[in-house]
Ligand code: B12
Ligand code: SF4
Ligand code: SF4
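Residue numbers (our numbering): 3 to 336.
See below:
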């Protein structure tokens, strides 16, 4: 059947896939071709600089990460999907970060394990496609293989690349996960979205460790997310005081705000550009989350670092209480 599909049938199928995606709970679905040559140059430069630190998996797969058809032969399109997260019942995150007796976990870690949720939904989406067009070759990924997820989602217009390097859009800021279906279906690709960062650089200014060393360039070795989740060794002494009570990931660069009604972390410094219209591109302040205890060893390790830096985290909160999380926090990345 696929061999006989006309362009108009493929365009209709692409619309249908997006509709099925919405029905499955995705906030956005786009279709990208597999040409990531520009991103490949950036990836190689990033690796050359050693910005990946101990994340050896980032360098381990040659060009498979930037060439989808090397990872899954026959792939010509990538269906990229966005799943929004943000725990609606959570308390004010800025209050948590200001509370020396609390520990802050990044918002993504407060819900169900997104790997499973996203993967299951993508699998169901791929099966719907199979039911409609017959067997096609596909593979489903979410942070589970060497894939340049942000570059792919950027290509097909699921948002624009912020200076913090994440993808964001006007609807939900950057508070979403990404996942993909690699396919051999010649679906019509979508266009990228325009950049709305303009002259704003609030995310760069607010980063506690100055990990965003230039617009669109992150030195992961300085990023609190890396330090508290990925790094296996101990957190460098000079960075510890900057962690505050963030013990599992960090969201500071995602709290870029527009408008005066939005609440900010206590250390927020308003950049000049925030008063300009460019800031409207980025609205991320939403209700926050409660302090959460966890028995994750990395969380304990970073809590210990935070305490050694003068941040008081009550033992009962992070060590002895029964974890309230529905799952054990784990690294997002494999
Ligand atoms: C490794 C990784 C990390 C690392 C490194 C992050 C990074 N920005 O690279 C660490 C552990 C720090 C991390 C942290 C987080 N992560 Co992460 N991470 C990944 C992972 C596995 C790979 C990302 C990657 O390819 N990085 C490599 C570099 C090369 O990519 P890049 O930033 O696009 O690089 C460009 C620039 O460096 C540029 N470049 C190179 N040289 C130069 C030089 C100059 C001068 C300039 C200007 C540019 C430039 O070119 C490159 C290519 O375009 C992806 C999942 C996936 N498989 O894609 C998730 C992913 C990106 N992470 C995600 C999330 C949610 C987070 C956190 C928010 C988690 C948290 N709350 O703690 C933080 C955010 C930190 C941040 N500001 O990026 C989501 C992002 C979703 C979104 N909306 O974009 C992803 C997609 C996971 C998912 N499936 O949803 N993460
Ligand atoms: S804070 Fe400003 S520069 Fe950073 S992603 Fe948001 S709009 Fe772009
Ligand atoms: S996650 Fe935190 S430490 Fe990492 S770049 Fe963003 S603000 Fe900086």
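The beta-carbon is built from N, C-alpha and C at its ideal position, and this holds for glycine as well.
Worksheet item: What separation, rounded to the nearest whole angstrom, lies between the Cα atoms of residue 139 and residue 195?
Response: 28 angstroms
Discussion item. With DSSP as the reference, identify every bridge partner of residue 185, one or two as the case may be.
Written reply: 79, 140
Practice prompt. Report yes if the C-beta of residue 41 is less than 7 angstroms from at least one heavy atom of ligand 1; otherwise report no.
Written response: yes
Item to complete: Alpha carbon to alpha carbon, how far is residue 145 from residue 186? Give it in angstroms, no decimals.
Response: 20 angstroms
Worksheet item: What is the residue span of the beta strand (DSSP E) that residue 32 lies within?
Response: 30–35
Worksheet item: Anyone know if the C-beta pair for residue 161 and residue 169 falls short of 8 angstroms?
Response: yes
Worksheet item: Got a sec, what are the start and stop residues for the alpha helix (DSSP H) residue 14 sits in?
Response: 9–25
Worksheet item: In three-state DSSP terms, what is residue 247?
Response: coil
Discussion item. Does the distance between the C-beta of residue 204 and the nearest non-hydrogen atom of ligand 3 fall short of 7 angstroms?
Written reply: no
Item to complete: Under 7 angstroms Cβ to Cβ from residue 23, same chain only, skipping five residues before and after it: list those, please.
Response: 31, 83, 127
Worksheet item: Rounded to a whole number of angstroms, what is the C-alpha to C-alpha distance between residue 338 and residue 57?
Response: Nothing about residue 338 can be reported from this structure: the residues present for the chain run from 3 to 336 only.
Practice prompt. Could you tell me if residue 25 is buried or exposed, where buried requires 16 or more neighbouring beta carbons within 10 angstroms of its beta carbon?
Written response: exposed
Discussion item. Quick check on the DSSP output: what are the complete beta strand (DSSP E) runs of length 3 or more inside the region 160–239, in order along the chain?
Written reply: 178–185, 214–216
Item to complete: Grab the span of the alpha helix (DSSP H) containing residue 45 for me, first residue to last.
Response: 39–50
Discussion item. Is the beta carbon of residue 220 closer than 8 angstroms to that of residue 53?
Written reply: yes
Worksheet item: Which residues mark the beginning and the end of the alpha helix (DSSP H) in which residue 149 is found?
Response: Unbroken run through residue 149: none, as it is neither H nor E.
Worksheet item: Is it buried or exposed for residue 166, if we count other Cβ within 10 angstroms and need 16 for buried?
Response: buried
Fill in: Of the listed residues 218, 28, 203, 183, nearest to residue 48 (C-alpha basis)
218
Practice prompt. State yes or no: is the C-beta of residue 13 nearer than 7 angstroms to some heavy atom of ligand 1?
Written response: no
Worksheet item: Which of the three DSSP states, helix, strand or coil, is assigned to residue 84?
Response: strand
Worksheet item: Which residues in the same chain as residue 65 place their Cβ atom closer than 8 angstroms to its Cβ, once the five residues preceding and following it in sequence are excluded?
Response: 42, 72
Practice prompt. Check whether the Cβ atoms of residue 67 and residue 85 lie closer than 8 angstroms to each other.
Written response: no
Worksheet item: Residues in its own chain within less than 7 angstroms of residue 120 by CB, not counting five upstream and five downstream?
Response: 85, 144, 179, 181
Worksheet item: Thinking C-alpha only, which one of 39, 17, 224 is nearest residue 245?
Response: 224
Item to complete: Closer than 6 angstroms by C-beta to residue 239: which residues in its own chain qualify, once you throw out the five before and the five after it? Chain order, please.
Response: none
Worksheet item: For residue 124, which of helix, strand or coil comes out of DSSP?
Response: helix
Worksheet entry | Closest Cα partner of residue 157 within the set 14, 21, 36, 18 | 36
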